[in-house]
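Okay, so the sequence shown: first residue is 1 according to our numbering, each after it adds one.
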Amino acid sequence: QCEVLEKLEEKMNDEIGFIAVDSMVSLYRLKGGTYDEKRDLNRLLGKQLLNLSKIARNYNIPVVITNQIYEDFDNGVTPLGGSVLRYWSKIIIKLEKVPEKTGHRKATIIKHKYKKEGDSCEFLLTDKGII
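#1: In whole angstroms, give me the CA-to-CA distance for E160 and S53.
#2: Give the straight-line distance between the Cα atoms of V63 and K90, rounded to the nearest whole angstrom.
#3: Output the boundary residues of the beta strand (DSSP E) element that contains S120.
#4: Mapping the DSSP letters down to three states, classify L8 as helix, strand or coil.
#5: Once the 5 residues before and after K115 are set aside, which same chain residues still bring their CB inside 7 Å of it?
#6: Can you give the Cα-Cα distance for I61 and N51, rounded to whole angstroms?
#7: Return the bridge partner residues of P79 from the DSSP annotation.
#8: If I follow the unbroken alpha helix (DSSP H) through I55, where does it start and stop?
#9: Report yes if the C-beta distance between L49 and L95 is below 9 Å; otherwise report no.
This is how it looks when you write it as structure tokens:
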């Protein structure tokens, strides 16, 4: 992942209009347990997010990153990547299943510069797309 994201800017051109990184921090779940290892992984994650932020700004394109969550007994549901991911993200939207409504999802604004935190909407995922 590190090598791909570092070389991404070299590959950029006017034909690329969107970048998606699925599960940005999933590789970090497999690594490191000591304080030093976690600190180093956070630095690496920050560097990758900085590169993506520069590309988004320089090429005026959206970059979408998905993330995973875990349940912490003290803090409840918590996103992986913690403060590093939150700092670099301009917009954070929480997606969750709607109980008892097959295919329905709810999108809730967690962080946005202009929109109110907590605003949400429901949508339906089908084999034809999003409704």
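No residue lacks a Cβ here, since even glycine has one placed at the ideal position from N, Cα and C.
If we stick to the structure as given:
#1: This structure gives no information on residue 160, because the portion of the chain shown stretches from 1 to 131.
#2: In the sequence shown, residue 63 corresponds to position 63, counting from 1. In the sequence shown, residue 90 corresponds to position 90, counting from 1. Their backbone Cα atoms lie some 10 Å apart in a straight line.
#3: Indexing the sequence shown from 1 puts residue 120 at position 120. Unbroken beta strand (DSSP E) run through S120: 120-126.
#4: As a position in the sequence shown, residue 8 is number 8, starting the count at 1. Note: L8 maps to helix in three-state DSSP.
#5: Residue mapping note: residue 115 aligns to position 115 of the sequence shown, counting from 1. Within the same chain, Cβ atoms closer than 7 Å to the Cβ of K115 are found at I109, the five residues on either side in sequence being excluded.
#6: For this step, residue 61 is matched to residue 61 along the sequence shown. For this step, residue 51 is matched to residue 51 along the sequence shown. Rounded to whole angstroms, I61 to N51 spans 13 Å at the Cα level.
#7: The residue you call residue 79 lines up with position 79 of the sequence shown. Answer is I69, bridged to P79.
#8: Numbered from its first residue, the sequence shown carries residue 55 at position 55. For I55, the uninterrupted alpha helix (DSSP H) run begins and ends at 35-59, by DSSP.
#9: As a working note, residue 49 is residue 49 in the sequence shown. As a working note, residue 95 is residue 95 in the sequence shown. No, these two residues do not count as a Cβ contact at 9 Å.
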